[in-house]
Amino acid sequence: MDFAVTSLQQEINESVGKICRQFGDDYWRRCEEEKTFPHEFHAAMASAGWLGITMPEDLGGAGLGVIEAAIMIHAVTLGGGGYSAASAININLFGPHAIVVHGSPDQKQRWLKPLIRGEQKACFGFTEADAGLDTSSIKTFATRAPGGYRITGSKMWTSTGQVADKIVLLARTTQAGRATE
Amino acid sequence: MTLFYTDLDRRKIEVRRIDKMGRNAVDSNALFIDDLFVPGFAGRIAIHPDQVGTINEAFTPSSAEIEAARRVVASFAAEPGAGVVQLDGRMLDIPHLRQAEHTLEQGGAL
Numbered sequence: 004m005d006f007a008v009t010s011l012q013q014e015i016n017e018s019v020g021k022i023c024r025q026f027g028d029d030y031w032r033r034c035e036e037e038k039t040f041p042h043e044f045h046a047a048m049a050s051a052g053w054l055g056i057t058m059p060e061d062l063g064g065a066g067l068g069v070i071e072a073a074i075m076i077h078a079v080t081l082g083g084g085g086y087s088a089a090s091a092i093n094i095n096l097f098g099p100h101a102i103v104v105h106g107s108p109d110q111k112q113r114w115l116k117p118l119i120r121g122e123q124k125a126c127f128g129f130t131e132a133d134a135g136l137d138t139s140s141i142k143t144f145a146t147r148a149p150g151g152y153r154i155t156g157s158k159m160w161t162s163t164g165q166v167a168d169k170i171v172l173l174a175r176t177t178q179a180g181r182a183t184e
Numbered sequence: 005m006t007l008f009y010t011d012l013d014r015r016k017i018e019v020r021r022i023d024k025m026g027r028n029a030v031d032s033n034a035l036f037i038d039d040l041f042v043p044g045f046a047g048r049i050a051i052h053p054d055q056v057g058t059i060n061e062a063f064t065p066s067s068a069e070i071e072a073a074r075r076v077v078a079s080f081a082a083e084p085g086a087g088v089v090q091l092d093g094r095m096l097d098i099p100h101l102r103q104a105e106h107t108l109e110q111g112g113a114l
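Line order of the protein sequences matches chains A and B.
All residue numbers for the first sequence refer to my numbering, where the first residue is 4 and numbers rise by one.
All residue numbers for the second sequence refer to my numbering, where the first residue is 5 and numbers rise by one.
Here it is in structure tokens:
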């Protein structure tokens, strides 16, 4: 097996590093002290196309895989923002992937494009206080209602909830223990 | 289990920031979701005529739902121009009206 870094992967590493170097320690210290989301960093990564690295090319993404995304995130965490910088953008790499794989063409247009362009941010509502990695024991419940669902419950450790426009939200539609699938 | 993708409607989802030791540029939160409405399918494609009856039944509001929607619409009609009305001790605002109208439209009862 060949573990050598390809020229594309090398290029990702260098290009992302170049963006990250524009955001120095002063920038990240201010975000940290003022508890403000790094909108400028998020926008810079979006305008260079990195927020769509794992998304389809016809929507403005790069259509690349997990290895390339990992190289990108590695380059991001090497910068002054460390894991704060990674957390500011990493939802885009995996959060909406169910839409990438299972979404209708219309859903992809409406939902993925604004995420790739950085016009919208999504957060990831999976974890609950009593269900961390044991996702199947979540309690948030979605009840069938005319024209859709009504959802009630709670989520925990939801990153970027203060700034998100959208939420990927997991809810039960059958009681625990009664599911057949 | 169902995975939803929807607007983070802050009138229905309270987002409470959790204090952390550092890494404060990106917020971590507790979310409290209270009766968040997520619009779903309005219908589906059938591959056999036998399925049409079941599909229509599933996607058509029940007579109880239509009756409840009628009462909501009537409450607003009784107070022209009002943004908020009361029905059975429940506060209703414009989104409730829109939803009720939608229910009636779906039920062919508008």
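By construction, the Cβ of each residue, glycine as well, lies at the ideal position given by its N, Cα and C atoms.
- 7 Å or more divides the Cβ of residue 15 of chain A from the Cβ of residue 102 of chain A.
- When the beta-carbon positions are compared, residue 153 of chain A and residue 39 of chain B come within less than 7 Å of each other.
- Among the residues of chain A, those whose CB is under 7 Å from the CB of residue 44 of chain B are 150, 151, 152, following chain order.
- The beta carbon of residue 145 of chain A is closer than 6 Å to those of 152, 154, 174, 176 in its chain, skipping five residues each way along the sequence.
- For residue 41 of chain B, the enclosing beta strand (DSSP E) stretches over residues 32-43.
- Residues of the stretch 63-77 of chain A with a C-beta less than 9 Å from any C-beta of chain B: none at all.
- Residues of the stretch 49-60 of chain B with a C-beta less than 8 Å from any C-beta of chain A: none at all.
- Here residue 75 of chain A carries a helix assignment [DSSP, helix/strand/coil].
- Taking C-beta separations shorter than 8 Å and ignoring five residues to either side along the sequence, the partners of residue 110 of chain B in its chain run 46, 63, 64, 65, following chain order.
- Near chain A, meaning a CB-to-CB distance below 7 Å, the residues of the stretch 67-79 of chain B are 69.
- Counted as a single uninterrupted DSSP element, the beta strand (DSSP E) harbouring residue 169 of chain A occupies residues 169-174.
- For residue 63 of chain A against residue 116 of chain A, the beta-carbon gap comes to about 6 Å, under 8 Å, which counts as contact.
- Residue 17 of chain B: not part of any alpha helix (DSSP H); member of the beta strand (DSSP E) spanning 17-21, first to last residue.
- Per the C-alpha coordinates, the member of B:77, B:10, B:73 positioned closest to residue 113 of chain A is B:10.
- Contacts between residue 106 of chain B and chain A, judged by CB atoms closer than 9 Å, involve 149, 150 in chain order.
- Think of a sphere of 7 Å around the beta carbon of residue 31 of chain A: the chain B residues whose beta carbon falls inside it are 29, in chain order.
- Taking a cut-off of 8 Å on C-beta distances, the stretch 26-34 of chain B touches the stretch 27-38 of chain A, as three or more cross pairs fall below it.
- For the pair residue 166 of chain A and residue 6 of chain A, the CB atoms are not nearer than the 7 Å cut-off.
- Taking 8 Å as the upper bound for CB-CB distance, residue 56 of chain A and residue 96 of chain A are in contact here, some 7 Å apart.
- The beta carbon of residue 40 of chain B falls within 7 Å of a beta carbon belonging to chain A, placing the residue at that interface.
- Considering only B:16, B:14, B:33, B:78, the residue with the shortest C-alpha distance to residue 22 of chain B is B:33.
- DSSP links residue 128 of chain A through a beta bridge to A:172.
- In this structure, residue 78 of chain A lies away from residue 8 of chain A, with their beta-carbon atoms at least 7 Å apart.
- As DSSP reads the structure, residue 70 of chain A sits in no beta bridge.
- When only Cα atoms are considered, residue 19 of chain B and residue 121 of chain A end up about 21 Å apart.
- Comparing C-alpha distances from residue 50 of chain B to each of B:60, B:41, B:79 shows the shortest one belongs to B:60.
- In this chain, the alpha helix (DSSP H) harbouring residue 97 of chain A covers 94-97.
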